[in-house]
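**Student:**
Residue numbers (my numbering): 706 to 888.
Following this line, the structure appears as structure tokens:
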């Protein structure tokens, strides 16, 4: 599956994307992506090989004019009810998006997310899309609002992705946003 916008192509990852992805995953900009950190170009190559089989719900964000991968976006279907059984309708999605810091502030994240949301609602049966973002990640919060998502709540000390210098968990405040298809 390939999704095109005015300036971008959302497409499956290729093994040749390793260098571009390593650029932004060698030091993830926010703590929630700490577990995705790539420690070497070789590790990036292995990760791209693993990702190259995905393409229905997880995409590389590439510049249309050069093909350079500047980020990623994805979400997998889940049941809207936390205690749903295996046969429950999977019409809820919680996307992640990440953009190389060198390409932020140019509207690429909005362009990619708007196209991705449209794809989820029109082709993947999404009823609800929700996103979590750290309270300090103002650009991600702004993106949620620009996409028309409503703020549903703030979870204080909700989750820990990294540890403090003394080894104790560093808990983060998390803001939740959501949008329904009918909105």
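Every residue gets a Cβ at the ideal spot worked out from N, C-alpha and C, and that includes glycine. The structure presented is a predicted model; accordingly, all values stated were derived computationally and were not measured.
Within the chosen definition, does the region 734–745 reach the region 861–868 through at least 3 CB pairs nearer than 8 Å?
**Tutor:** Yes, since at least three Cβ pairs between the region 734–745 and the region 861–868 fall closer than 8 Å, the two stretches touch.
**Student:** Whole-angstrom Cβ separation of residue 795 and residue 782, contact assumed at under 8 Å?
**Tutor:** The sequence position of residue 795 within the chain shown is 90, counting from 1. The sequence position of residue 782 within the chain shown is 77, counting from 1. Rounded, the Cβ-Cβ distance is 4 Å, consistent with contact.
**Student:** Helix or strand or just coil, what does DSSP make of residue 874?
**Tutor:** Reading the chain shown from its first residue, position 169 is the one you call residue 874. Residue state, collapsed to three classes: strand.
**Student:** Classify residue 882: buried if its beta carbon has 16 or more other beta carbons within 10 angstroms, exposed otherwise.
**Tutor:** Here residue 882 corresponds to residue number 177 of the chain shown, with the count starting at 1. It is buried - the Cβ of residue 882 has at least 16 other Cβ atoms within 10 Å.
**Student:** Give the DSSP-derived three-state secondary structure of residue 764 in the structure shown.
**Tutor:** Here residue 764 refers to the residue found at position 59 of the chain shown. In the structure shown, residue 764 sits in a strand (DSSP, three-state: E or B).
**Student:** Which runs of the alpha helix (DSSP H) spanning at least 4 residues fall entirely within the region 709–733, listed in chain order?
**Tutor:** Correct list: 723–730.
**Student:** Pick out whichever of 770, 748 and 776 has its Cα sitting closest to the Cα of residue 717.
**Tutor:** One-based indexing of the chain shown puts residue 717 at position 12. It is 776 whose Cα lies nearest to the Cα of residue 717.
**Student:** How is residue 825 classed by DSSP in three states: helix, strand or coil?
**Tutor:** Against the chain shown, residue 825 aligns to sequence position 120. It is helical.
**Student:** Checking 8 Å against the spacing of the C-beta atoms, do residue 801 and residue 779 come in under that value?
**Tutor:** Mapped onto the chain shown, residue 801 falls at position 96. Mapped onto the chain shown, residue 779 falls at position 74. Yes, these two residues count as a Cβ contact at 8 Å.
**Student:** Report the residue from 719, 723 and 733 whose alpha carbon sits nearest the alpha carbon of residue 804.
**Tutor:** The sequence position of residue 804 within the chain shown is 99, counting from 1. Minimum Cα distance to residue 804 is reached at 733.
**Student:** Between 763, 723 and 764, which has its C-alpha nearest residue 754's C-alpha?
**Tutor:** Position 49 of the chain shown, counted from the start, is the residue given in the question as residue 754. Among 763, 723 and 764, the Cα nearest to that of residue 754 belongs to 723.
**Student:** Tell me the DSSP secondary structure of residue 883 in three-state form.
**Tutor:** As a first step, residue 883 is located in the chain shown; it is residue number 178 there, counting from the start. In the structure shown, residue 883 sits in a strand (DSSP, three-state: E or B).
**Student:** Find out if the Cβ-Cβ distance for the pair residue 715, residue 817 is shorter than 8 Å.
**Tutor:** Here the question's residue 715 lines up with position 10 in the chain shown. Here the question's residue 817 lines up with position 112 in the chain shown. Closer than 8 Å, so yes.
**Student:** Between the beta-carbon of residue 799 and the beta-carbon of residue 841, is there less than 8 Å?
**Tutor:** Position 94 of the chain shown, counted from the start, is the residue given in the question as residue 799. Position 136 of the chain shown, counted from the start, is the residue given in the question as residue 841. Contact: no.
**Student:** Tell me, please, which residues DSSP counts as bridged to residue 868.
**Tutor:** Counted from its first residue, the chain shown places residue 868 at position 163. DSSP, once it has assigned bridges, lists 874 as partnering residue 868.
**Student:** What's the call for residue 843, buried or exposed, on a 16-neighbour Cβ count within 10 Å?
**Tutor:** As a position in the chain shown, residue 843 is number 138, starting the count at 1. By the neighbour-count rule (16 or more Cβ atoms within 10 Å), residue 843 is not buried but exposed.
**Student:** Cutting at 7 Å between CB atoms, please list the residues of its own chain near residue 886, excluding the five before and the five after it.
**Tutor:** One-based indexing of the chain shown puts residue 886 at position 181. Result list for residue 886: 826, 831 and 832, in chain order.
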